[in-house]
Amino acid sequence: MKASSVKASKHSVLPPIIPENEKKFLESIQSYIISEIEKVGCTEQGPAEEYYVIYKNVFEMIIEHVNAYKNILTTIKQEYDAFIEALKKGQQNAFHLHGKLKMLACEPSTLMYYKKRISELEAKIKKIEKNSSRIENLIRKMRSLRETFSPKQIQPPAKKINPAQLIPGLSLEDSLDIDALSHHLARLQRRVKDLREDMLTKYVPLENTAVLEEKLNRALQLRNAAEKENEHLKFCYYRLTQFANIVSIWENSDRSIEPLQQLVAQMIENEKLAQGTIVSSVSSVFERDPAKSQEAEDLIEYIERFNELFSRGQYEAAAIYAANCPRRILCNEETMEKFRAVGCVKGKTLPLLMYCEALMNASIASKHPLPADLTTEVIKCALAEKRLDLVMHWLTLHKLELSEAAGDAIYNHAEVDKHNKSQYFALAQIAYSACKVHKKAALCLCRQGQIFGAMDYLHQFHRLPTEDYIFLLKHCPGAELFGCLTQEWRGKPALLSFGETILSLMYTEHKMHCIWLLEEVAKEGKGNKPLLLLLRMPGRGKGTAAHYARLTLFPEKVSCSQVAIENCQHWLWLCQPMTSSV
3 MKASSVKASK
13 HSVLPPIIPE
23 NEKKFLESIQ
33 SYIISEIEKV
43 GCTEQGPAEE
53 YYVIYKNVFE
63 MIIEHVNAYK
73 NILTTIKQEY
83 DAFIEALKKG
93 QQNAFHLHGK
103 LKMLACEPST
113 LMYYKKRISE
123 LEAKIKKIEK
133 NSSRIENLIR
143 KMRSLRETFS
153 PKQIQPPAKK
163 INPAQLIPGL
173 SLEDSLDIDA
183 LSHHLARLQR
193 RVKDLREDML
203 TKYVPLENTA
213 VLEEKLNRAL
223 QLRNAAEKEN
233 EHLKFCYYRL
243 TQFANIVSIW
253 ENSDRSIEPL
263 QQLVAQMIEN
273 EKLAQGTIVS
283 SVSSVFERDP
293 AKSQEAEDLI
303 EYIERFNELF
313 SRGQYEAAAI
323 YAANCPRRIL
333 CNEETMEKFR
343 AVGCVKGKTL
353 PLLMYCEALM
363 NASIASKHPL
373 PADLTTEVIK
383 CALAEKRLDL
393 VMHWLTLHKL
403 ELSEAAGDAI
413 YNHAEVDKHN
423 KSQYFALAQI
433 AYSACKVHKK
443 AALCLCRQGQ
453 IFGAMDYLHQ
463 FHRLPTEDYI
473 FLLKHCPGAE
483 LFGCLTQEWR
493 GKPALLSFGE
503 TILSLMYTEH
513 KMHCIWLLEE
523 VAKEGKGNKP
533 LLLLLRMPGR
543 GKGTAAHYAR
553 LTLFPEKVSC
563 SQVAIENCQH
573 WLWLCQPMTS
583 SV
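Okay, so the sequence shown: first residue is 3 according to my numbering, each after it adds one.
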């Protein structure tokens with residue numbers, strides 16, 4: 003038995019035959035492992051954590067499949083899990099300790115850098131403190147020097163009156179006249195007295211506003227009660243009047259009762275039908291009209307509201323309020339002076355300009371132009387604030403009452419703002435044309451270089467005075483304008499004669515302009531017959547007209563004297579009829 007068993011052991015042992023269900027299980031396990039590894043994304047050697055999770059799940063599947071070895075396999079799995087968890091924890095501790103070790107290794111260098119930075123900051127602080135002390139010492143020295151060398155602070159002395167200066171409002175002769183001085187002193191004393199009385203009677207402190215408002219409300223209540231009583235008395239008066247008329251009619255009749263009853267019934271019926279119009283029909287009997295008193299109270303309320311806004315510094319609201327007040331009671335020069343007295347407000351538009359702009363806007367909207375003097379002041383204010391756009395807008399609307407003073411203000415401002423000179427001249431020309439100052443309107447055209455336009459403008463009207471044309475030559479001297487004025491213009495006769503013009507200019511302070519014009523005309527054209535005739539007059543000797551004209555025109559060729567120029571005036575006067583006819 004033993005021999006056979008020994009003999010049998012010498013042969014190879016056959017592998018165990020695996021059942022079919024075990025094969026399927028093994029295949030499913032293999033396919034699961036392969037599919038999970040592919041899902042992880044690494045078919046050869048993936049991360050340890052992912053492989054551990056895959057094989058852990060496989061191990062659990064095997065434990066569930068093998069019931070006979072379930073306990074032992076579970077124990078083995080738990081031991082392996084504990085071991086793996088210990089390894090993970092050890093790795094984490096090692097990583098943490100490695101970082102801590104690095105930090106400890108860096109601490110000496112970090113500490114060294116901190117110490118170095120501390121020393122640098124301490125040195126900088128010392129340097130700053132040193133500079134601060136040096137600057138403080140300099141400030142103290144400067145203050146001490148300023149106190150020693152600067153004059154002592156003295157109260158500003160009272161305004162000294164220069165005895166040699168003229169008294170405002172008096173001429174030199176009046177300032178030396180005792181009677182005139184006494185009269186002026188009396189007038190000033192009266193003015194001071196009036197102002198003091200006004201301060202006591204017309205003005206009250208701002209703190210008393212509440213008391214005044216209470217009095218005003220009480221007065222309004224009394225007025226309302228009086229108006230109600232007045233309406234009742236008017237109605238009683240109407241009934242008594244009607245009844246008196248009925249009685250007078252009844253007395254003139256046969257005095258029977260039935261007509262009297264009919265008349266009384268008709269009176270009562272008429273009262274019911276015309277109950278609303280009874281009071282208005284009776285109001286004409288009384289001299290006092292409640293509507294007028296209401297309007298006066300409204301105007302007073304407007305003025306008080308304006309003063310309140312103005313005193314609070316709400317200048318824009320006050321300007322709009324004043325410009326739109328009824329009857330234009332605040333659209334005057336006194337209100338404008340009030341805004342002008344405020345002056346400039348830091349960071350805001352000039353209050354006077356606010357008022358002027360509000361005035362213009364209200365005037366244009368209501369189609370009631372401002373007075374000419376007020377319009378001039380408004381334009382001057384806008385020009386002073388360099389608001390050419392506002393002036394241009396106002397003038398181009400053609401809804402203003404313009405005057406020559408407004409045109410002069412715009413014209414004179416062209417010399418201040420030379421960059422917009424042509425625009426100022428165009429606006430001034432609009433103003434002059436509106437107030438029919440044609441010579442200055444033509445001057446504006448000439449200053450813009452529109453000589454032909456000025457000539458067309460002048461020929462639109464009947465012949466103007468000769469002084470107007472001379473005015474143009476004096477303020478805008480030029481050979482082109484001189485020729486246009488002294489020659490025919492598009493079939494119309496010349497506005498000036500050559501000799502008369504030269505003579506007029508010679509007898510004024512524009513003598514040099516006259517000589518310059520003659521030179522320019524001589525250079526310009528051969529077609530100026532009067533001048534050519536004057537130059538070609540017979541006579542080469544001294545004292546002839548041609549000689550003096552040549553002296554005037556070509557002083558560099560002939561020794562010219564002031565006496566010769568004055569004699570030239572005489573010869574031009576003699577030649578005036580001849581030049582005019584030519």
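In this text, a Cβ means the ideal position worked out from N, Cα and C, and glycines have one as well.
- A straight line joining the alpha-carbon of E260 with that of A267 spans about 11 angstroms.
- When rounded, the separation of the alpha-carbon atoms in I86 and P110 is 38 angstroms.
- DSSP places K204 outside both helix and strand once states are collapsed to three, so it counts as coil.
- The Cβ-Cβ distance between L168 and H186 does not fall below 8 angstroms.
- Between L402 and W396, the gap from beta carbon to beta carbon is short of 8 angstroms.
- By the criterion of at least three beta-carbon pairs nearer than 8 angstroms, the stretch 62-79 is not in contact with the stretch 97-106.
- Bounds of the alpha helix (DSSP H) holding H415 are E406 to H415.
- In the DSSP assignment, G455 falls within the alpha helix (DSSP H) that extends over I453 to L460.
- Close CB contacts of L376 within its chain, under the 8 angstroms cut and outside five residues either way in sequence, are with C333, N334, E335, M338 and L361 (chain order).
- Each of V249, L208, E40 and C358 was checked against the Cα of N309, and the nearest Cα belongs to L208.
- Boundaries for E387: no alpha helix (DSSP H) harbours it, and the DSSP string shows neither H nor E there.
- Your pair L404 and A374 checks out as a contact, with CB atoms roughly 7 angstroms apart and the cut at 8 angstroms.
- Going by DSSP, D470 is part of the alpha helix (DSSP H) stretching over T468 to H477.
- When DSSP states are grouped into helix, strand and coil, K494 belongs to the strand group.
- For H440 and L497, the gap between their C-alpha atoms comes out near 14 angstroms.
- Under the Cβ criterion (8 angstroms, minimum of three pairs), the stretch 424-439 does not count as touching the stretch 465-476.
- Setting aside the 5 residues that flank it on each side, A364 is surrounded in the same chain by A325 and N326, each with a C-beta closer than 7 angstroms to its C-beta; the list follows chain order.
- Under the three-state reduction of DSSP, S258 is assigned to coil, being neither helix nor strand.
- Shown here for A182: same chain residues with a beta carbon closer than 6 angstroms to its own, the five before and five after excluded, namely D176 in chain order.
- Non-local C-beta neighbours of Q431 in its own chain, meaning closer than 7 angstroms and more than five positions away in sequence, comprise A443, C446 and L447, ordered along the chain.
- In the DSSP annotation of this structure, the continuous segment of the alpha helix (DSSP H) that includes T76 starts and ends at K72 to F151.
- When the beta-carbon positions are compared, C358 and V380 come within less than 8 angstroms of each other.
- Residues of the same chain with a CB within less than 7 angstroms of the CB of Q489, apart from the 5 flanking positions on each side, are A496 in chain order.
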